[in-house]
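**Q**
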Ligand code: GLU
């Protein structure tokens, strides 16, 4: 095991292939076609020198950085997927994550192939200036090999990266492509001021919430788990309070769920009576960690959160967290996969036997890439969503309201009036597009499962759906019958 508890012996890419093979058995495709879908199309491994500064001493030296960009599938272009900054980055991991992106995009009907990037660094060791230098150099390497561009491959944030890194990427890209009118579409997850879209930062967490809410709304599926419908009143725990974990937890809390456990890199905090999410976040910020957190039981092993007694467990950190070792001790009835690949196939087998519902990553965390798609569309269209129609809608609504008041002789109160009049702005449209995507995709997966009685779990159904969609883009080309 590595220091963050991840199994280093198991191939993550092989695990994705195992899930794929399990699903492919339910489909009737030619082996050659299935092999083409499964394979990573392009793997770019790079090494580049960067002048780094020791954070404490300020001493400068040259370090050779190991980095990757993998385009798993070019069945649709551009390819799409985040860039991860972590000392645990390796080729196998980036390949697996790129493959998951292909299936994820297919499930939510985002017309992209899957990709992923990784830079093997421990960010804590470096000054902000060094991280900027690494990011800009990495971007330059992608440019040199034609691995980035609005029509080619569009990176985004992932573990260890965010808006700041994305704005360095777009700025570097622009410097090399001053005549490219669509240059801003070369990367998503940018700050609003750099061509980002409202709602992107919260999108993955919001999608986790919408997807879980949809699953929990079906009484027929909740009954075997011994759960009532709805999110309200459910006890949940979250592993990881990064962008995905924090926003997932925030939307669950807003919907009336009780947060009974959290974990960060240093420890887990458990409190069956409930934790105050915002207070936990503030404490983490002020104290640089949660080890001394006073309002819950602190357990030094962060993975302890996975075994908390709760209804919904949201692993929102890294892959291979739930293994055959800890799966038998998991008490949650629903596992809502915010992270990519948090359950190994062996763990999943144990959990399914225990009747746990697993809402799979490649569907549940697709909110990020869905809103990335909206951002890319915004960049290509060069106009903010809602700009053209907001005022028109409001003027039309006003005519309706006046007519209703005239016909009924009643005056509509100012709060209701405001709600009835308001036209949608960018954030409203992004969130409603995301909500619709997550609801539609959940039912597509569930229907696939219902149609084929032999498919017993949502992940296999999601893979069947994804493989079918990717396969159709090859068969319609006439390459395969
Ligand atoms: N890194 C995120 C993911 O794993 C987002 C990818 C994107 O927006 O392209 O889904």
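In this note's numbering, the protein residues as written are 926 to 1406. Every residue gets a Cβ at the ideal spot worked out from N, C-alpha and C, and that includes glycine.
1) Please report the distance separating the alpha-carbon of residue 1297 from that of residue 1134.
2) Is residue 1063 helix, strand or coil by DSSP?
3) If I measure Cβ to Cβ from residue 1116 and keep anything under 7 Å in the same chain, skipping five residues before and after, which residues do I get?
4) Less than 7 Å between the CB of residue 1005 and some heavy atom of the ligand GLU, yes or no?
5) Using the rule of at least 16 other Cβ atoms within 10 Å of the residue's Cβ for burial, across every protein chain shown, is residue 1011 buried or exposed?
6) Do residue 995 and residue 986 have their C-beta atoms closer together than 8 Å?
7) Would you decide whether residue 989 is buried or exposed? Buried here means 16 or more other CB atoms lie within 10 Å of its CB.
8) Report yes or no: do three or more beta-carbon pairs, one from the region 1055–1073 and one from the region 1015–1031, lie closer than 8 Å?
9) Please go through the same chain and pick out, in chain order, the residues whose beta-carbon is closer than 6 Å to the beta-carbon of residue 1080, but skip the five residues on each side of it.
10) May I have the straight-line CA-CA distance separating residue 1379 from residue 1352, to the nearest angstrom?
11) With DSSP run on the structure shown, which of helix, strand or coil describes residue 1191?
12) Hey, is residue 1242 close to the ligand GLU, as in C-beta under 7 Å from one of its heavy atoms?
13) So the alpha helix (DSSP H) residue 1270 belongs to, where does it begin and stop?
14) Do residue 1182 and residue 1157 have their C-beta atoms closer together than 8 Å?
15) Quick one: give me the first and last residue of the alpha helix (DSSP H) that residue 1364 is part of.
16) The beta strand (DSSP E) with residue 1407 in it runs from where to where?
17) May I have the straight-line CA-CA distance separating residue 1395 from residue 1000, to the nearest angstrom?
18) Quick check on the burial criterion: 16 or more other C-beta atoms within 10 angstroms. Buried or exposed for residue 1216?
19) Give me the Cα-Cα distance between residue 1073 and residue 1119, rounded to the nearest whole angstrom.
20) Does at least one heavy atom of the ligand GLU sit under 7 Å from the Cβ of residue 1297?
21) Buried or exposed: where does residue 1164 fall if 16 or more other Cβ atoms within 10 Å of its Cβ makes it buried?
22) Can you say whether residue 1019 is buried or exposed, counting buried as having 16 or more other CB atoms within 10 angstroms of its CB?
23) Going by DSSP, which residues form a beta bridge with residue 991?
24) How about residue 1333: is its Cβ closer than 7 Å to a heavy atom in the ligand GLU?
25) Quick one: using the 10 Å Cβ neighbour count with 16 as the cut-off for buried, is residue 1246 buried or exposed?
26) For a test of the three-state rule: what should DSSP assign to residue 999, helix, strand or coil?
27) Less than 7 Å between the CB of residue 1167 and some heavy atom of the ligand GLU, yes or no?
28) Mind checking whether the beta-carbon of residue 1082 lies closer than 7 Å to any heavy atom of the ligand GLU?
29) Are there three or more Cβ pairs, one per stretch, closer than 8 Å when the region 1369–1383 is compared with the region 1296–1314?
**A** For this structure:
1) Here residue 1297 corresponds to residue number 372 of the chain shown, with the count starting at 1. Here residue 1134 corresponds to residue number 209 of the chain shown, with the count starting at 1. When rounded, the separation of the alpha-carbon atoms in residue 1297 and residue 1134 is 17 Å.
2) If you number the chain shown from 1, residue 1063 lands on position 138. It is helical.
3) Position 191 of the chain shown, counting from 1, holds the residue named residue 1116. 1088 and 1092.
4) Your numbering for residue 1005 matches position 80 in the chain shown. The answer is yes for residue 1005.
5) As a position in the chain shown, residue 1011 is number 86, starting the count at 1. Buried, since its Cβ has 16 or more Cβ neighbours within 10 Å.
6) Working through the chain shown from its first residue, we reach residue 995 at position 70. Working through the chain shown from its first residue, we reach residue 986 at position 61. Not closer than 8 Å, so no.
7) Looking up residue 989 in the chain shown gives position 64. Residue 989 should be labelled exposed.
8) In short, these stretches do not touch, since the Cβ pair count stays below three.
9) Sequence index remark: in the chain shown, residue 1080 carries index 155 (1-based). Around residue 1080: 1008, 1042 and 1112.
10) Taking the first residue of the chain shown as 1, we reach residue 1379 at position 454. Taking the first residue of the chain shown as 1, we reach residue 1352 at position 427. If you take the alpha carbons of residue 1379 and residue 1352, they lie about 41 Å apart.
11) Position 266 of the chain shown, counted from the first residue, corresponds to residue 1191. Residue 1191 falls in the coil class under three-state DSSP.
12) Within the chain shown, numbered from 1, the residue matching residue 1242 stands at position 317. Answer for residue 1242: no, Cβ out of range of the ligand GLU.
13) Start at 1 with the first residue of the chain shown, and residue 1270 comes out as number 345. Where residue 1270 is concerned, the enclosing alpha helix (DSSP H) stretches over 1270–1278.
14) In the chain shown, residue 1182 corresponds to position 257, counting from 1. In the chain shown, residue 1157 corresponds to position 232, counting from 1. The Cβ atoms of residue 1182 and residue 1157 lie closer than 8 Å to each other.
15) Position 439 of the chain shown, counted from the first residue, corresponds to residue 1364. That run of the alpha helix (DSSP H) goes 1351–1376.
16) This structure does not reach residue 1407, given that the chain is present from 926 up to 1406, and the question cannot be answered.
17) Here residue 1395 refers to the residue found at position 470 when the chain shown is read from its first residue. Here residue 1000 refers to the residue found at position 75 when the chain shown is read from its first residue. Residue 1395 and residue 1000: Cα-Cα distance of roughly 7 Å.
18) Mapped onto the chain shown, residue 1216 falls at position 291. Exposed, because fewer than 16 other Cβ atoms sit within 10 Å of the Cβ of residue 1216.
19) The sequence position of residue 1073 within the chain shown is 148, counting from 1. The sequence position of residue 1119 within the chain shown is 194, counting from 1. Taken atom to atom, the span from the alpha-carbon of residue 1073 to that of residue 1119 is near 17 Å.
20) Locating residue 1297 in the chain shown gives position 372, where the first residue counts as 1. Yes.
21) Start at 1 with the first residue of the chain shown, and residue 1164 comes out as number 239. Burial call: buried.
22) Start at 1 with the first residue of the chain shown, and residue 1019 comes out as number 94. By the neighbour-count definition (other C-beta atoms within 10 Å, threshold 16), residue 1019 is a buried residue.
23) Position 66 of the chain shown, counting from 1, holds the residue named residue 991. Looking at the DSSP assignment, residue 991 forms a beta bridge with 972.
24) Here residue 1333 refers to the residue found at position 408 when the chain shown is read from its first residue. Result no, Cβ not under 7 Å from the ligand GLU.
25) The count along the chain shown starts at 1 and reaches residue 1246 at position 321. Per the 10 Å Cβ criterion, buried.
26) What you label residue 999 is simply residue 74 of the chain shown in a count that begins at 1. The answer is coil: DSSP assigns residue 999 none of H, G, I, E or B.
27) For this step, residue 1167 is matched to residue 242 along the chain shown. Incorrect: residue 1167 has no Cβ contact closer than 7 Å to the ligand GLU.
28) Residue numbering aside, residue 1082 sits at position 157 when the chain shown is read from its first letter. Within the cutoff, so yes.
29) In short, these stretches do not touch, since the Cβ pair count stays below three.
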